[in-house]
Each structure stands twice: as C-alpha cells, then as structure tokens.
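A quick write-up on the structure given underneath.
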Amino acid sequence: MISLKNIKKSFGTNEVLKGISLDVDKSEVVVIMGPSGSGKSTLLRCITLLEEINEGTLKIGDIEIKAETHSRKRGNEIRALRQRTGFVFQHFNLFPHKTALRNVMEGPLVVKKQTKEEATKIAMNLLHKVGLGDKVEMYPSSLSGGQQQRVAIARALAMEPLVMLYDEPTSALDPELVREVLQVMKNLAKEGMTMIVVSHEIGFARDVADRVIFMDEGHIIEEGTAEQIFGNPREQRTRRFLNSVDND
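Going from the sequence shown to the numbering used here is simple: count from 1 and add 2.
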C-alpha cells in the first residue's frame, strides 16, 4: 500500500530525515512517536509531497515518485498521489466562511468534479459517520475543537483516500475533547482504513496500532507491536522517551 525507500529531507543544512524506509500494508494502522524535532511531521508531509524529498522513492498504491525526477507527468503524478491520501493536521484548517457541510463538499465538488447532489450526499453521510449529523449547517466558529477536527476527518474521507495520515490530531484539543476524535479514528481502523498516525496518545496506540514506530533525530530507532514497544522496548532511547511521556 505504502512504500518508502531511503527518504531523505533537508532544510538548508539541517537534515531532518536521514534515510527513512518504511512499508505499510493495506488496512494496517501505524502509530509514529518521538520527541519534537525527530522528523515525524516532516515524514508525513513528504509522503504527500507537501515537502519535496531530496532523495529516495515513495509509492502509494500504483503511484511511484522518485526524488528530483522532473517530467511532464510529475505534476499529474503528484496530484494522483495526493488524491490517494487524506491528511488531518494538528490545526483544523477549515474554511471559516463555509458550513460543516460545505467544508466536506469542497473536495468532491472542486477536485473530483462531482455534482452538487452527489457531493451533498457524500458529505451528509460522512458527517453522520463522525457523529455530526446535527451540525451540518453550523460554521467552524460555532463548533468545539473536537467537532472541528471531526469535520476535518470527514473532509479528508470525502476524497475516498487509500490511506489516512494524521499529524498529532488531538494535540490542539482540550483533554475532554480528545476522546471523541480518537473514537472516530478507532472506528475507521476497525473498518480497515490504512492509517499512519503521529501521536503521543499511548492508550490509543495500545488499542489500535498494528505497529508502533519510534523516531529520533531523523531515524527510525525502533519499531514493533504496541505490546513490545510499550512493554519491553529494546532501545534505551525509546525507554527514556516513554518514561518522559508517562511522567508528563
């Protein structure tokens, strides 16, 4: 489903990703953890080429893109790759002047060129799916942070992605709103959605993750099942990080 081979990314002289290789199978849920500055968010942005990779190859489904390959087809390939991925950011990035319904309709209307009737039906179904069927005509300013993030998830799902990417989707939320967002994500995992989640929510990772990856300083330091990583991590750096999270 997803294949990353030797992905490197630098910003000026700062090498953020130092040769990341990772394969994610269909319906697999992978949770990525690590300290600030370890490269987690940059890795997600590179998967969708929101950040161009300096070296390596990435593949999602049948679309493969190599670093520094320039061709007439590249723009089309990048658009096709992005249509295969749904991205949920820390901050919701909703259109403030559009209702929840119109926010979710935007992708199907503009990108997929669906009719208003088709887009409305998809958006309504997805807003009910994330528990917001009674909020469709509300604007983001009238919604809680957790509700806005659920609209953002519905908006990403409206593009019918092969994989969902989440960049610390609960980090901007008050603690009491975290559960409602994680529950939506758990439901999607149960339905077989392929997911890569950058998160420090250990309880969520224990419940949902097929694999947990620990990153530090641009490298994958350790990976394994949630039981192995949280119960008996092999690397001292992983143990130090988990102890710091548990003590927060």
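Glycine residues also receive a C-beta, built at the ideal position from the N, C-alpha and C atoms.
Of all the options the options, which has the alpha carbon lying nearest to the alpha carbon of residue i?
i, options, result
"LEU51", "ASN78, SER29 and GLY36", "ASN78"
"ILE124", "MET140, PRO142, ASN105 and TYR141", "ASN105"
"GLN185", "GLN238, GLY21, GLN150 and PHE206", "PHE206"
"TYR141", "HIS99, ILE231 and GLU108", "HIS99"
"HIS93", "SER173, MET3, GLU219 and HIS202", "SER173"
"ILE65", "SER40, GLN150, GLY133 and ARG86", "ARG86"
"ARG213", "PRO37, GLY41, ASP25 and VAL132", "ASP25"
"LEU164", "SER40, ARG84, PHE13 and SER43", "ARG84"
"ASN56", "LYS42, THR15, LEU244 and GLU120", "THR15"
"GLY220", "ALA228, GLY135 and THR44", "THR44"
"SER29", "LYS188, LEU145, ARG47 and GLU203", "LYS188"
"MET161", "MET107, MET197 and ASP209", "MET107"
"ARG208", "ILE198, THR227 and THR122", "THR227"
"ASN151", "ILE198, ARG76, SER40 and PHE97", "Note on residue identity: the sequence assigns Gln, not Asn, to residue 151. Considering only alpha carbons, the answer is PHE97."
"SER2", "ASN95, GLY109, LEU111 and HIS202", "Lying before the first or after the last residue shown, residue 2 is absent from the chain, which here runs from 3 to 250."
"VAL210", "LEU244, VAL18 and VAL31", "VAL31"
"HIS202", "ILE9, SER38 and ILE22", "SER38"
"PRO177", "MET166, MET197 and SER146", "SER146"
"MET3", "ILE9, SER23, GLY63 and VAL132", "GLY63"
"ILE198", "ILE22, LEU46, ALA121 and PHE13", "LEU46"
Based on the DSSP output, what are the partners of residue i in its beta bridges?
i, result
"PHE89", "LEU167"
"VAL213", "The identity of residue 213 in the sequence shown is Arg, whereas the question assumes Val. ARG213 is bridged to VAL32."
"GLU224", "PHE216"
"ASN95", "In the DSSP output, where bridge partners are listed per residue, ASN95 has none listed."
"ASP25", "SER5"
"THR59", "LYS7 and LYS68"
"ASN16", "PHE13"
Short of 8 Å in beta carbon distance, which residues of its chain neighbour residue i, apart from the five on each side in sequence? Order them along the chain.
i, result
"VAL138", "THR101, ALA102, LEU103, ALA125, MET126 and LEU129"
Go through its chain and collect everything with a Cβ distance to residue i's Cβ below 6 Å, but skip five positions before and after it.
i, result
"LYS148", "First, the residue type needs correcting, since residue 148 is Gly and not Lys in the sequence shown. Only LEU175, LEU179, GLU182 and VAL183 meet the Cβ criterion."
"VAL90", "ALA154, ILE155, ALA158, TYR168 and PRO171"
"THR59", "LYS7 and LYS68"
"ILE231", "VAL214"
"LYS42", "ILE34, GLY36, VAL200 and MET217"
"LYS61", "SER5"
"ILE80", "LEU51"
"PRO110", "GLN116, ALA121, ILE124 and ALA160"
Among residues of its own chain, excluding the 5 on either side of residue i, which ones have a beta-carbon nearer than 7 Å to its beta-carbon?
i, result
"GLU237", "ILE223 and GLU224"
"VAL11", "The question names Val, but residue 11 in the sequence shown is Lys. Cβ within range, chain order: VAL18, LEU19, THR44, CYS48, GLU53, ILE55 and ASN56."
"PRO267", "Since the first residue shown for the chain is 3 and the last is 250, residue 267 is missing from the structure and cannot be characterised."
"ARG239", "ASP218 and ILE223"
**Message:** Quick check: the segment 183-202 against the segment 107-119, are at least 3 beta-carbon pairs closer than 8 Å?
**Reply:** no
**Prompt:** Could you give the uninterrupted runs of the beta strand (DSSP E) lying entirely in the segment 116-202, keeping only those of 3 residues or more?
**Reply:** The segment 116-202 contains these whole beta strand (DSSP E) runs: 165-169 and 196-200.
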